[in-house]
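The numbering of the sequence shown is our numbering, which starts it at 805 and goes up by one. Glycine included, C-beta positions come from ideal geometry on N, C-alpha and C. One structure is given below, encoded as structure tokens.
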Amino acid sequence: MTDTKKLSARDVAFMGMAVAIIEACKLVMQGLPNIEVTSFFVMLFTLVLGKKMLLVVPAFTLIEGCIYGFGIWWVMYLYAWPLLAFITWLVRKKDSVLLYSIISGVFGLFFGALCSIPYLFIGGPAMMFNWWIAGIPFDLIHGPSNFLIMLLLYKPVRRVMDSIVSKNK
């Protein structure tokens, strides 16, 4: 990837593939309750693409809205995925599969709490709290599965991605 402020055709192609990979994997895994690789890929592509993720995450979010409609859940995506990318960006200098696994796991564990924020404005604190509490069983699946996915897939997938990026410089 180039480090200049301009986007090359190669950059656009990499970003397009990143969006396609995230979306395709999300579609394939949609039948599993809160077991997903979206968090994994948002983090991994942030590490590989850097600031270019500022274009990938909104593109993914827009496609999600076009496929599933622009409901309240979509508002949550507007801040949840950028937050994960930002947190990953902050620790990008660390090459620690354990650190990334913990971040991914904690993100999954608190995803429901994070996504309950719009309900504060719709129905107040009680609605926000009740929505979050009702989703805790799903968060208890989401967190550990995110942790394990990152723990198992980070090194092999990162090695392949780094190889692809270095060959295309």
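> Counting pairs of beta carbons, one from the stretch 875-882 and one from the stretch 824-843, are three or more of them closer than 8 Å?
Replying inline: no
> Cα separation between Phe818 and Leu811?
Replying inline: Locating residue 818 in the sequence shown gives position 14, where the first residue counts as 1. Locating residue 811 in the sequence shown gives position 7, where the first residue counts as 1. Taking the straight line joining both Cα atoms gives about 11 Å.
> Near Glu827, what residues of its chain come up, given a Cβ to Cβ distance below 6 Å and the 5 sequence neighbours on each side ignored?
Replying inline: Taking the sequence shown and counting its residues from 1, the one referred to as residue 827 is at position 23. Excluding positions up to five away in sequence, the list reads Ile867.
> Who are the near neighbours of Met847 in its chain, counting only those whose CB is closer than 8 Å to its CB and skipping five residues on each side?
Replying inline: For the purposes of this step, residue 847 is taken as residue 43 along the sequence shown, with counting starting at 1. Closer than 8 Å at the Cβ level, and outside the excluded window around Met847, lie Leu888, Ala889, Thr892, Tyr904, Ile907, Ser908, Met954.
> Alpha carbon to alpha carbon, how far is Asp943 from Val816?
Replying inline: Within the sequence shown, the letter at position 139 stands for residue 943. Within the sequence shown, the letter at position 12 stands for residue 816. Roughly 34 Å between the two C-alpha positions.
> So, are the CB atoms of Phe844 and Met857 less than 8 Å apart?
Replying inline: Taking the sequence shown and counting its residues from 1, the one referred to as residue 844 is at position 40. Taking the sequence shown and counting its residues from 1, the one referred to as residue 857 is at position 53. Their beta carbons are not under 8 Å apart, which means Phe844 does not touch Met857 by this criterion.
>> I'd like to know whether the C-beta atoms of Leu918 and Ala863 end up nearer to each other than 8 Å.
In response: Your numbering for residue 918 matches position 114 in the sequence shown. Your numbering for residue 863 matches position 59 in the sequence shown. Cβ atoms of Leu918 and Ala863: not closer than 8 Å.
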